[in-house]
Amino acid sequence: MEVRNKKYISLFAYLLVSHLAFSMEAQIVQNGEKQTVGSEQVTLTHDFTEMEKVKSEFIKFLENLVKEGKLKEMPDVGTAPFIYLQAGEKALAKTGIIFDFKTEEDDKKPSLLKEKKITIENGFLEVTGNPWSYITGKREAIIENSKILLKKNRDYPEYYPASDDFLGKYYYPFISNGKKQQIEDIKTEKYITDNRKNPVRIINSLLKLKNSELTIQTKSDVLVKNVLGPVPEITNQEFLGPRTGLHLVRDGVKLEEGKYDLSVEGDIYISGELHKLFSFKTYTKESLLKWKENRFKKGIGTPLFELGENAKIKAKKFSAEADEFYNLIAVKTSPELIGITHNPKEDEMIVFRNNSEAEFENFNARTVNIKFEGGRISLKNEEESPFISALSQLQGKGIFLIEGSSILREGQAQGDFIDKYSVYTILELLPESKIDVSYIKDAYRSTWAHSVTSVKDEALKAGEYKFTLDKDTKTYLGYSSRKNYETIKNDPNSNLAKGIDVNHTSDADMHFKENS
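For the sequence shown, the residue numbers in mature numbering (1 follows the signal peptide of the UniProt record, and there is no 0) are -23 to -1, 1 to 493.
And the structure:
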């Protein structure tokens, strides 16, 4: 009996610890109303009735102004037919899975959604937080052992923010105390990061997709954004940037062929930006230095994107751009931070782990640090370059399957920023890799003209540009020559023809190992 009691006590203690380990619950909502969802399959469908009602009311408001002679003609409302702050709770209500980190209490422990099977029609998966963090902040959402499907058969009507010129011309002048009201509304909207374009939005928060399948059946982008913004009431001057990222985790074996941890019909866009009201001068230099040093430090920081071991991803385009970490902060705002802006050899900003699989049409990297640790990366695009980098650090090894017009690197100066020791490409192509392109260039590019121009000024060139090809790898130059021969033979002076004739070359330092 005594042993049994100990067992029950241990079980209770385990359940208590498990409960206390997580804090804020994810909201599963349909038109703003909370839904109770177990492990059974459920479908959430958004009803646009209230939103369409507000849209009609705003258009009617404008039509009345025309009838009264206050406007000469009906303005084009475009894709934003109503006003955010005036829309009302019902019209702005959402459908989907919402993790909303608003308070310091929300940040203390991760939030868990486990063992769910949910289809969301015309809704969202959102993981969002304030543009600042807290000393004890975790700000982490976990979706575990779940299957989430997002489908979209129509777009959400967009809204006008209070600061929009359209409202300054066609709305506020025609309401009581309009100018004063607009100022108040702009203040209210200062920290709002809402939008209705992206079905998956991860902003100033970390989402871990663990042993789950997330499928996005819409052409819209998956957005991962880190926004550095001002704290409304600063109690001290220590800077604490928010944790932001999308991490795909797969324990054990990979999913079978044709299945992915994350599958997106559209693009994945990872970005970093500064809030327009943000200023580093508000904070102590010591806290800035500490933050910059640890932001992506291996084992300490939080990667903006991590494709874990055995995880699989598929999307049309993978695009990453994080200007504020490499350009805006380091050079224009705080020159003293240049020396420790990043430790490119060790930092982990964007990581593709060993035995992972990524499949894209395009891979675009700008002002980011990317590590490849032995996974498989498949890139294929017949219309434009499948692999482009600019002002970035790319390093590591993997099985690369690259087929398309070219591999391009933009290595030229951007404003005051150029550091050839922190702009480099050093990649090892493992056995089974295959490059099939027309040219590999360190150059300026013109996508529209389908041509490239070599970088002639050595001062503008970036650092190392090196590909090491292991045994059992294949490299072909002349892809676009084969594909476009019929097109160019009748117009030998075209940009396309010149690009092919001149650039069947590689500017990169190509190291071919035996049997490659």
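By construction, the Cβ of each residue, glycine as well, lies at the ideal position given by its N, Cα and C atoms.
N-terminal and C-terminal residue of the alpha helix (DSSP H) that residue i is part of
{"i": "Lys37", "result": "26 to 44"}
{"i": "Tyr147", "result": "142 to 147"}
{"i": "Asn271", "result": "262 to 271"}
{"i": "Leu69", "result": "66 to 69"}
{"i": "Glu82", "result": "81 to 84"}
For residue j and residue i, believed in contact at Cβ under 8 Å, the rounded distance
{"i": "Lys128", "j": "Gln194", "result": "5 Å"}
{"i": "Ala57", "j": "Glu27", "result": "Ala57 to Glu27, Cβ: 17 Å. No contact."}
{"i": "Gln18", "j": "Lys91", "result": "15 Å between Cβ atoms; not a contact."}
{"i": "Glu380", "j": "Lys348", "result": "That pair is no contact at about 23 Å."}
{"i": "Gly206", "j": "Trp109", "result": "6 Å"}
{"i": "Gln372", "j": "Ile403", "result": "5 Å"}
{"i": "Phe78", "j": "Gly106", "result": "4 Å"}
{"i": "Val199", "j": "Val177", "result": "4 Å"}
{"i": "Tyr453", "j": "Ala485", "result": "Not a contact, Cβ separation roughly 15 Å."}
{"i": "Glu334", "j": "Arg353", "result": "5 Å"}
{"i": "Leu225", "j": "Ile290", "result": "6 Å"}
{"i": "Glu215", "j": "Tyr260", "result": "7 Å"}
{"i": "Gln7", "j": "Thr72", "result": "5 Å"}
{"i": "Ser355", "j": "Glu336", "result": "5 Å"}
{"i": "Thr192", "j": "Leu126", "result": "5 Å"}
{"i": "Glu491", "j": "Lys451", "result": "Going by Cβ atoms, the distance from Glu491 to Lys451 rounds to 14 Å, so no, they are not a contact pair."}
{"i": "Glu98", "j": "Thr20", "result": "7 Å"}
{"i": "Pro219", "j": "Asn181", "result": "4 Å"}
{"i": "Gln159", "j": "Tyr149", "result": "4 Å"}
{"i": "Asp238", "j": "Ser296", "result": "Not confirmed; about 19 Å, so no contact."}
{"i": "Asn188", "j": "Asn130", "result": "Going by Cβ atoms, the distance from Asn188 to Asn130 rounds to 29 Å, so no, they are not a contact pair."}
{"i": "Thr221", "j": "Val201", "result": "7 Å"}
Beta-bridge pairing of residue i - partner residues as DSSP gives them
{"i": "Tyr136", "result": "Phe59"}
{"i": "Met487", "result": "Phe444"}
{"i": "Arg343", "result": "Glu298, Ala367"}
{"i": "Gln12", "result": "In the DSSP output, where bridge partners are listed per residue, Gln12 has none listed."}
{"i": "Tyr416", "result": "Ser383"}
{"i": "Asp77", "result": "Thr105"}
{"i": "Arg330", "result": "Arg330 pairs with nothing; no bridge assigned."}
{"i": "Glu233", "result": "Partner(s): none; Glu233 has no beta bridge."}
{"i": "Glu336", "result": "Lys291, Ser355"}
Enclosing beta strand (DSSP E) for residue i [first to last residue]
{"i": "Lys124", "result": "124 to 128"}
{"i": "Lys91", "result": "88 to 91"}
{"i": "Gly222", "result": "222 to 226"}
{"i": "Glu98", "result": "94 to 98"}
{"i": "Ile347", "result": "346 to 358"}
{"i": "Gly373", "result": "370 to 381"}
{"i": "Ile163", "result": "That residue, Ile163, is in no beta strand (DSSP E); its alpha helix (DSSP H) goes 155 to 165."}
{"i": "Asp244", "result": "244 to 251"}
{"i": "Glu121", "result": "117 to 121"}
{"i": "Glu405", "result": "401 to 406"}
{"i": "Tyr453", "result": "451 to 454"}
{"i": "Leu214", "result": "For the sequence presented, residue 214 should be read as Gln rather than Leu. Element bounds for Gln214: n/a, residue is neither H nor E."}
{"i": "Ser240", "result": "239 to 241"}
{"i": "Glu50", "result": "Careful: Glu50 lies outside any beta strand (DSSP E) and carries neither H nor E."}
{"i": "Val177", "result": "177 to 180"}
{"i": "Leu21", "result": "18 to 22"}
{"i": "Val6", "result": "4 to 7"}
Of the listed residues the options, nearest to residue i (C-alpha basis)
{"i": "Gly455", "options": "Asp449, Ser471, Tyr416", "result": "Tyr416"}
{"i": "Phe257", "options": "Val241, Leu217, Leu281", "result": "Leu217"}
{"i": "Tyr246", "options": "Arg386, Glu298, Arg173, Thr402", "result": "Glu298"}
{"i": "Ser410", "options": "Glu270, Gln159, Lys37, Leu378", "result": "Leu378"}
{"i": "Lys418", "options": "Ser399, Ser383, Gly440", "result": "Ser383"}
{"i": "Glu161", "options": "Ile354, Ala139, Tyr147", "result": "Ala139"}
{"i": "Phe329", "options": "Val241, Asn287, Ser471", "result": "Asn287"}
{"i": "Lys293", "options": "Glu387, Lys275, Pro363, Thr259", "result": "Pro363"}
{"i": "Pro87", "options": "Val104, Lys71, Ile365, Ile119", "result": "Ile119"}
{"i": "Asn332", "options": "Glu360, Glu361, Gly285", "result": "Gly285"}
{"i": "Tyr61", "options": "Tyr136, Glu40, Gln370, Arg272", "result": "Tyr136"}
{"i": "Glu325", "options": "Ser123, Gly276, Ser399, Ser153", "result": "Gly276"}
{"i": "Tyr133", "options": "Thr279, Phe59, Gly15, Lys374", "result": "Phe59"}
{"i": "Glu103", "options": "Leu223, Lys47, Lys37", "result": "Leu223"}
{"i": "Lys32", "options": "Ser182, Gly55, Lys47", "result": "Gly55"}
{"i": "Phe143", "options": "Leu39, Ser240, Asn175", "result": "Leu39"}
{"i": "Thr445", "options": "Asp468, Leu407, Val414", "result": "Leu407"}
{"i": "Ser369", "options": "Glu360, Gly375, Glu405, Asn346", "result": "Asn346"}
{"i": "Lys196", "options": "Glu234, Lys174, Ser471", "result": "Lys174"}
{"i": "Ile179", "options": "Glu263, Gly249, Asn341", "result": "Gly249"}
{"i": "Thr279", "options": "Gly440, Ser153, Ile327", "result": "Ile327"}
{"i": "Phe76", "options": "Lys11, Thr22, Phe255, Phe35", "result": "Lys11"}
Note down, one range per segment and in chain order, each beta strand (DSSP E) of at least 3 residues found wholly within the segment 277 to 302.
282 to 284, 289 to 291, 294 to 298
In chain order, which beta strand (DSSP E) runs of at least 3 residues are fully inside the segment 187 to 212?
190 to 194, 199 to 205
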